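Protein sequence lines, in the order shown, are assigned to chains A and B. Going by the working numbering, the first sequence opens with residue 1, and the numbers climb by one from there. Going by the working numbering, the second sequence opens with residue 134, and the numbers climb by one from there. For every residue, glycine included, the Cβ atom is placed at its ideal position computed from N, Cα and C. On a predicted model such as this, the values are computed, not experimentally measured, just so you know.
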Amino acid sequence: MRFLVVEDDFGSRRLLQTMVRDIGSCDVVVDGVEAIDAFRLAWEENDPYDVIFLDIMMPRMDGQEALRRLRELEKEMGVRERDAVKVVMTTALEDPRNVIEAYYKGGATTYLVKPINRESLQAELTQLGIVST
Amino acid sequence: MSELNDLSSDLNAREEALRILVVEDERLVAVDIKHRLQRLGYSVIRVVSDGAGAISATRELSPGLVLMDIGLQGSMDGIEAANQIGKLRDVPIIFVTANADDEVLQRALKGNAVGYVLKPFRDRELVVSIEMALYKADAERKLREARWWTENTLETISEGVIAVDQLGLVRYMNSSAELLTGWSRDEIREKSSDDILQTEALAGETEDQAEIRVEGREQIHPDFLARRVQLTTKSGARVPVELVERVLYSPEGDPRGLVYSLKDIREYLRYEGELHASRAEAIEAARARSEFVANMSHELRTPLNSIIGMSELALERADSDDLREFLGILRNSGESLLGLINGILDFSKIEAGKMKLIEQDFQLLALFQGCLEHIAVQAHKKKVRVVQFIPVSLAGKVTTDQQKLKQILLNLLSNAVKFTSSGEVALTALQEDPEIAGAAPMLRIEVRDTGEGIPPEKLEQVFEAFTQIDGSATRHYGGTGIGLAITRSLVDLLRGTVSVESEPGRGTSFIVRLPIMPAAYELTPRAAFYGRRVSVYSNSGAEAAFVEDWLQKAGLDVKLFEQLSEFKEAELDGEGSDLVLGLGLRGAELEAISRLTGKRSSLPAFISVPIAGVTNLKTLQKTDCVLNEPLRIELLLHRLAVALSGEQEDVPSEHAAKGSTKVYIDDAALKARPKKQLVVLLADDDNMNRLVNSKLLEQMGHKVVKAENGQLAVERLRRIEADIVLMDLEMPELDGFAAASAIRKGEAGDHVMNIPIVAVTAHTTEKDRRRVFAEGMNAMLVKPFAMEELANVIAEVTGNSAVLGVESPMAVATEQSRSAGTALDTTDILRFAAELSSFVDEAAATGDELGLDEIGRRSMRLRGSAKTLGLVEVDNLLFRAILACRRDDNPGLVGVWRELEGALDEISRSRG
């Protein structure tokens, strides 16, 4: 199981990284630009990410933009719907408009509200079929 | 004569007789007139013989009429006297004269009289003259009075009025118009209205815009068009006015002129301007406030994220009671603070009216299900059941704001669970018909619990912010006290109502009524159900009704048992039951079921159990299907169909991950495995990996034999009694695949031909996986792996307890991290840090020479070691360096190097 954490806040990304450590390997990047790079690299290695945790508010390129590009790339590569990477938006939810847009229109798979605790992370991953009960 | 008397008395029908003053110098004529007047019923108050006498008599006596002889003696004749009298009083005067002289008549006509009679005159002529004179005088008086009112009204109003004839000449102008336009009445006599009404559009508007802007007055009458214009006064000043122009029609309907009314709107415009400004200010202030709230929200949550998360992680590694207590308090405080912040921010958003309704279509059943699952874990920990009742007729598509409804329900449900220590929490939905005929039915959602209840005197305050029923409740139960206030605001937003009923000691019920009506759920009756009967027992009335409704609508015949005793005694086979369904059973109830199913082995039995573990494994094993709570009705129907038709169906994917399981495995089962010390052959070419993994295995209680490559692995296996092989796949000389293949062929000896081999690799492609198993290896571990993964794999392939001497892998991890200060780890880490440091220097200095490709490659290798040594941050930074290399991003790379140097400094400082 490969995870990618895209998050500009140090504490938040270390936290997520530690929480998924038991489930699989985890790479960490700090903005949308690096996220796209990592995503491409993983595909080149023939070992794409299963789940990407994508923060909405980031410098350089925000989560929405990154998500849009990721999905575009997948379409270009001809990735099938069921093989598409599962994107979990992470948000502090003070801007519901952004979340709704990303979630309903942008192709995010689901979202988690920060601060993330283990239980809700487990619940989401279970629902995504990443972890079995 | 008598006729005349009648006539005059009719005409003279006054309350008192008309008082007449007679002015006549000829004495005989005077007497004659007096007598005749008196005979006619008039009253003669005096007779005077000259002008002066007439004047003074008028002044003194105020007659109702004066009969004035024109030819009087003295300097003043009748006409002159009449004029003088006219200045004193408003009394009708009739001239009497024998003279038919033209000149006199002319003067008389111009004089102040309302009529005249010629001498000699008859009585009839006199009467007629008098009455006509009075009538005329009266009419004139009335006219003058009416004119006085009209003119003074026009003069007094603040609006200017100008009447203009067909030629455009000004016929009338009131004083306000004079003031406004600067022109006086006298001046305008020769002027056309164009000179006076010089108007143009107001600044910033076209003529058309100006017309439309005045509040709908043009709708009153098509002629009644009001415009806002700029008027230029006589002095050249410009005044904004509202101008109304109307056509003046004669009684025959011909247009005769125009009337303009003008209103000075300077004040009004200023007021309007102020209004716009303050409105814009208010909007801006509100916008700034909500932006502030949004920013604050993010700022406040971000560090809290770390506080809560890190204290949780620290808690997992805490190895003393003190530490655990302190960290626990830290985490709980963090969570309380978070709850408060969320509550306050939500609340302020609602109060500011910033919450918007987002209407969506969704299935009500799915929402209910999601909410129940959310609280189920917490409820089951307290041994409180979670049930629902939603009839098929209300479980389908509904349109409203899903997020907000979910928030409302979760709020109420988690409160219910919080304040209940035994029994159940039920979520029900019903249709409520209106009390008023013709109104729409409402959806009634109730959250009912069997908890401690709320005392009646506190019921009113329950929805107020920041008052929990009992101050100590906050400490006992946690929470912020705003939850219900927010809930109510949200319900208001959804145009519904929420109320509460409670009985202390028995339970509480929160009722939400919403003006929405879900459609029916599309439930297809299943063929497998036809003619079949299911016996159902549940210890929850709501749940029993729920299951009955759905099963029946799906085509099953349902027999509901409400008492356990009935259920125990029922001859189910005899009743024609095809299946038994027991819901929410525990303890004695569970025993009852197992005895029942034990007796009748042909009867399939379904059980539903709470998520948080079950102690009675053996009982469960006798059942045919175990369903987790909260009950998923579609899954139940599906499982029933499978059981009753005897066919195997694929479980629909949404049910696959959760919802049903055959038997629960708990720790006890795991602990039952044998605890033998294993001999592990560890084959890995990387020094670091070998050292770390062998230490790991030793800590788990096992013995390790190392091999640096595949060839050596095979050789060493020949000479020892190993139990399991950990085979790194990427090795020189002989790689893992080849080595495994050799072992399976017997090249390491017969005794180890079937030894469990666990492949260890960084690659997880399908191809690699297949190859691993093709070569006969038993399992695969992906690098880098966690201690628990290693333990699980070993346990699985050897059937042996992986971890000896300790309770769980977690304890070993704790043990391991505590001894992180051992010489071995620190030295290696420092060595690695030094190696990395010089690499960074080299890369930064000679980047161009080395080439970004090479830097990327080396970084990749270094990553592996960093991971093994557990230097997570270094690993992360190296990953980002790799990405920067791929991107040809030199400045980005330099940034990463700087961060890396910082991290390495930190390492040498903390461990050096």
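Against chain A, a Cβ distance below 8 angstroms from isoleucine 441 (chain B) picks out Pro115, Asn117. The beta-carbon of phenylalanine 679 (chain B) is placed no less than 8 angstroms from the nearest beta-carbon of chain A. Residue nearest to phenylalanine 1012 (chain B) within the set A:Glu34, A:Tyr111, A:Met77, A:Gly78 is A:Glu34 (criterion: CA-CA distance). Only residues of its own chain outside the window of five on either side were considered, and among them Leu313, Thr314, Leu330, Gln331, Thr332, Arg371, Val372, Pro373, Val374, Leu376, Leu395 have a CB closer than 8 angstroms to the CB of leucine 364 (chain B), listed in chain order.
Distance check between valine 85 (chain A) and each of A:Arg13, A:Ile36, A:Glu119 places A:Ile36 closest, using alpha-carbon atoms only. Spatial neighbours of serine 176 (chain B) in its own chain (CB-CB distance under 6 angstroms, excluding positions within 5 residues in sequence) are listed in chain order as Ala150, Arg152.
Taking all protein chains shown into account, histidine 513 (chain B) has 16 or more neighbouring C-beta atoms within 10 Å of its C-beta and is therefore buried. In the structure shown, lysine 551 (chain B) adopts helical secondary structure according to DSSP, grouped into three states. Only those residues of the segment 32-48 of chain A whose C-beta falls short of 7 angstroms from the nearest C-beta of chain B are listed: Glu34, Asp37, Ala38, Leu41, Asn46, Asp47.
Of the residues B:Pro388, B:Asp328, B:Ser368, B:Tyr393, the one whose Cα lies closest to the Cα of arginine 360 (chain B) is B:Tyr393. Using a Cβ distance threshold of 8 angstroms, phenylalanine 596 (chain B) and arginine 621 (chain B) count as a contacting pair.
In this structure, valine 1007 (chain B) keeps its C-beta atom at 8 angstroms or more from the C-beta atom of leucine 1026 (chain B). Setting aside the 5 residues that flank it on each side, valine 1029 (chain B) is surrounded in the same chain by Leu1010, Arg1013, Ala1014, Ala1017, each with a C-beta closer than 7 angstroms to its C-beta; the list follows chain order. Taking C-beta separations shorter than 6 angstroms and ignoring five residues to either side along the sequence, the partners of valine 631 (chain B) in its chain run Arg621, Val624, Val645, following chain order.
Residues of the same chain with a CB within less than 8 angstroms of the CB of glutamine 496 (chain B), apart from the 5 flanking positions on each side, are Ala528, Gly529, Lys530, Val531, Tyr654 in chain order. Restricted to the segment 28-104 of chain A, the alpha helix (DSSP H) segments that are unbroken, complete and at least 4 residues in length are 32-44, 63-77, 96-100, listed in chain order.
In this structure, leucine 500 (chain B) and leucine 543 (chain B) do not form a Cβ contact; the two beta carbons are roughly 10 angstroms apart against a cut-off of 8 angstroms. For serine 874 (chain B), the enclosing alpha helix (DSSP H) begins and ends at 869-878. Its Cα nearest to that of serine 25 (chain A), the residue B:Thr894 stands out among B:Gly1035, B:Thr894, B:Met265, B:Lys324. Residue pairing by DSSP places glycine 293 (chain B) opposite B:Leu395 in a beta bridge. Within the segment 812-836 of chain B, contact with chain A at the beta-carbon level (separation under 8 angstroms) is assigned to no residue. The C-beta distance from arginine 389 (chain B) to aspartate 271 (chain B) rounds to 29 angstroms, too long to fall under 8 angstroms, and the pair is not in contact. Phenylalanine 228 (chain B) has B:Met201, B:Tyr249 as its beta-bridge partners, per DSSP. Residue-level contact check: serine 430 (chain B) touches chain A, since one or more beta carbons of chain A fall below 8 angstroms from its beta carbon. Around the beta carbon of aspartate 534 (chain B), 16 or more other beta carbons lie within 10 angstroms, which makes this residue buried.
Glutamine 540 (chain B) and isoleucine 523 (chain B) have their C-alpha atoms spaced approximately 19 angstroms apart. Inclusion of threonine 90 (chain A) and leucine 128 (chain A) in the CB contact set at 8 angstroms is not warranted, their separation being larger than that value.
Cβ atoms of leucine 546 (chain B) and valine 580 (chain B) come within 8 angstroms of each other, at about 6 angstroms. Contact annotation: the segment 864-872 of chain B touches the segment 827-846 of chain B, with at least three C-beta pairs closer than 8 angstroms.
The Cβ atoms of isoleucine 130 (chain A) and aspartate 50 (chain A) lie closer than 8 angstroms to each other.
The count of Cβ pairs closer than 8 angstroms, one atom from the segment 545-559 of chain B and one from the segment 458-468 of chain B, stays below three, leaving the stretches out of contact.
Rounded to the nearest whole angstrom, the CA to CA distance from leucine 154 (chain B) to isoleucine 290 (chain B) is 43 angstroms. Cβ neighbours of isoleucine 321 (chain B) within its own chain (closer than 7 angstroms, five residues either side excluded): Val303, Met306, Ile329. Excluding the 5 residues flanking it on each side, serine 383 (chain B) has same chain C-beta neighbours closer than 7 angstroms at Arg389, in chain order.
The beta carbons of lysine 114 (chain A) and arginine 399 (chain B) sit no closer together than 8 angstroms.
Valine 669 (chain B) is outside the set of residues whose beta carbon lies under 8 angstroms from a beta carbon in chain A.
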